[in-house]
Amino acid sequence: MTETAHREDLPKAYEPGQVERRTYQFWLDKGYFTPRIDHARQPFVIIMPPPNVTGELHLGHALTATLEDIMTRWHRMKGEPTLWLPGTDHAGIATQVVLERQLAAEGLTRHQVRREEFERRAWQWANTCRQNIIEQHKRIGVSCDWSRDRFTLDEGPSRAVATTFVRLYNKGLIYRGERIINWCPRCQTALSDLEVVHKEIGGHFYYIKYPMVGNSGYVTVATTRPETMFGDTAVAVNPEDKRYTSMIGKTVAIPVINRPIPIIADSAVDIESGTGALKITPSHDPVDFEVSQRHNLPLVNIFRPDATLNEEAGPYQGCDRFECRQALLEQLEKEGLLLRIEPHVHAVGHCVRCDTIVEPWASKQWFVKTRPLAGPAIKAVVDGRITIIPEQFTRVYLHWMENIRDWCISRQLWWGHRIPVWYC
């Protein structure tokens, strides 16, 4: 005979939460999510893209987890040794921004509470978020092996990060150098290219006269950022541009501060763009930085970490970058050096975390050489060992990999992995 539940044991209404919790606990107790090793069979293993400990899961996480759970359960039902490895990401800059906002609500900054207290709060926040994220995943029934749950700041992952850094450094794939990086003035840290989102905004082209030194002539340059003129180290023209042939090798003076800079010839200058004369600001523009490397030009940084102007800006020292722009334009107009202004729409980089306009900045940071690593990745796709679906994105992938730039891996943060380098 089968045992029939008494009427009083049956709930008056179906309560899915209780049923789901009881069923999930049954799966855990039976060890259904722990892989059974079988060396005769090909295992199926996936790693959960670790959610950031910046809050709770959202619908995007739920969708991703559902798709991964479908694949995991299907392979498990086929009898394959199956592992879905769960984890969470410390999310350095994203978590630090969240914590700084919490401090701001208390009228504090991280510098006021000091590093030790900031890290204590960060760990407390991370542990709370981790537990919430784990519980949310369990509530939607994901079949992870929770005995292997990892956090990216656990001892094992941290040791792996340090070991990998040393290994790549010894292979010559990691170096410290001065290159153009993305700098967030609010977060006050370097950013990778993936941490910058470009937005089209309405700006202007400002046509500015640079007086010649030694005569009454001038060269007109067009720029969207007149305040960066204080970091100029040359004006470049195309050697094929007959308008400027006689000026190559001569000198102009930067308006307001009157610092002399040379007129140089470089074939990278577009004759049809602007006036055909390009102000070269190596410390604050990636194209200009490359020009400076070819011509051995000095680097002049004009910004403090918070994007206020430093002593190189002369009378504008201490000004906010955008306030400086307005004041400078008024001065240029007063001196008769502002020729005209034209509307111009262009893409401007913003910090993906705080939406602040980032500054291109020549800075000493740590980089990974990406081209030696991109080569095998390109070959794997070209040879057909890796297939990208949908196929149309193969071109996108190859273009990205063929034009890849060295990856800036250093950050000026208090929360996260530290680069294992010490100076004696």
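If you want my numbering, it's the 1-based position in the sequence shown plus 84.
In this text, a Cβ means the ideal position worked out from N, Cα and C, and glycines have one as well.
In this text the structure is predicted, and so the values were computed from the model without any measurement.
- In the three-state reduction of the DSSP assignment, Glu152 falls in the helix class, which pools H, G and I.
- In the DSSP assignment, Val321 falls within the unbroken beta strand (DSSP E) covering 318–321.
- The alpha carbon of Trp230 has as its nearest neighbour, out of Pro474, Asp325, Glu219, the alpha carbon of Glu219.
- Thr138 sits away from Ala188, with the two beta carbons spaced by 8 Å or more.
- Assignment of beta strand (DSSP E) within the stretch 190–275, counting only whole runs of 3 or more residues, yields 258–268, 273–275 in chain order.
- Scanning its chain for C-beta atoms nearer than 6 Å, with the 5 sequence neighbours on each side dropped, one finds around Glu395 the residues Gln401, in chain order.
- DSSP lists no beta-bridge partner residue for Phe117.
- Per DSSP, Ser447 is one residue of the beta strand (DSSP E) stretching across 443–452.
- When rounded, the separation of the alpha-carbon atoms in Pro241 and Leu393 is 40 Å.
- Annotation: the continuous alpha helix (DSSP H) that includes His483 extends over 477–486.
- Judged by DSSP in its simplified three-state form, Val336 adopts strand.
- Residue pairing for Glu426: DSSP places it in a beta bridge opposite Phe289.
- According to the DSSP assignment, Val384 belongs to no beta strand (DSSP E), since it is labelled neither H nor E.
- Proximity to Asp153 across Trp168, Ala464, Glu164 peaks at Trp168, based on C-alpha coordinates.
- With contacts defined by Cβ atoms closer than 8 Å, Val432 and Lys363 do not form a contacting pair.
- The count of Cβ pairs closer than 8 Å, one atom from the stretch 294–310 and one from the stretch 435–450, stays below three, leaving the stretches out of contact.
- Between Val321 and the set Met313, Thr308, Ser357, the nearest pair of CA atoms involves Ser357.
- Pairing His434 with Glu284 gives a Cβ-Cβ distance that is not under 8 Å.
- With the rule of 3 Cβ pairs closer than 8 Å, the stretch 140–156 does not count as touching the stretch 195–204.
- Membership of Val297 in any alpha helix (DSSP H) is not indicated, and neither H nor E is assigned to it by DSSP.
- Around the C-beta of Gly468, fewer than 16 other C-beta atoms lie within 10 Å, and the residue is accordingly described as exposed.
- Distance from the CA of Ala124 to the CA of Arg185, rounded to the nearest whole angstrom, comes to 53 Å.
- Listed in chain order, the non-local C-beta contacts of Gly261 below 8 Å within the same chain comprise Lys448, Gln449, Phe451, local neighbours out to five positions each way being set aside.
- Leu143 and His221 have their C-alpha atoms some 12 Å from each other.
- Per the DSSP secondary-structure output, Asn342 pairs with nothing in a beta bridge.
- Judged by DSSP in its simplified three-state form, Leu167 adopts strand.
- Less than 8 Å divides the Cβ of Gly398 from the Cβ of Val340.
- For the pair Pro295 and Glu443, the CB atoms are not nearer than the 8 Å cut-off.
- Residue state for Asp325 is assigned as coil, using DSSP reduced to three classes.
- Around the Cβ of Ser330, a 10 Å sphere holds fewer than 16 other Cβ atoms; the residue is exposed.
- A residue is called buried once 16 or more other Cβ atoms fall within 10 Å of its Cβ, and Ala318 is buried on that count.
- In this chain, the alpha helix (DSSP H) harbouring Phe373 covers 370–379.
- Ranked by Cα distance from Ser276, the options Arg489, Asn211, Asp372 are led by Arg489.
- In the DSSP secondary-structure assignment, Asn394 is not bridged to any residue.
- Around the CB of Phe406, fewer than 16 other CB atoms lie within 10 Å, so the residue is classed as exposed.
- For Lys418, the enclosing alpha helix (DSSP H) covers residues 405–418.
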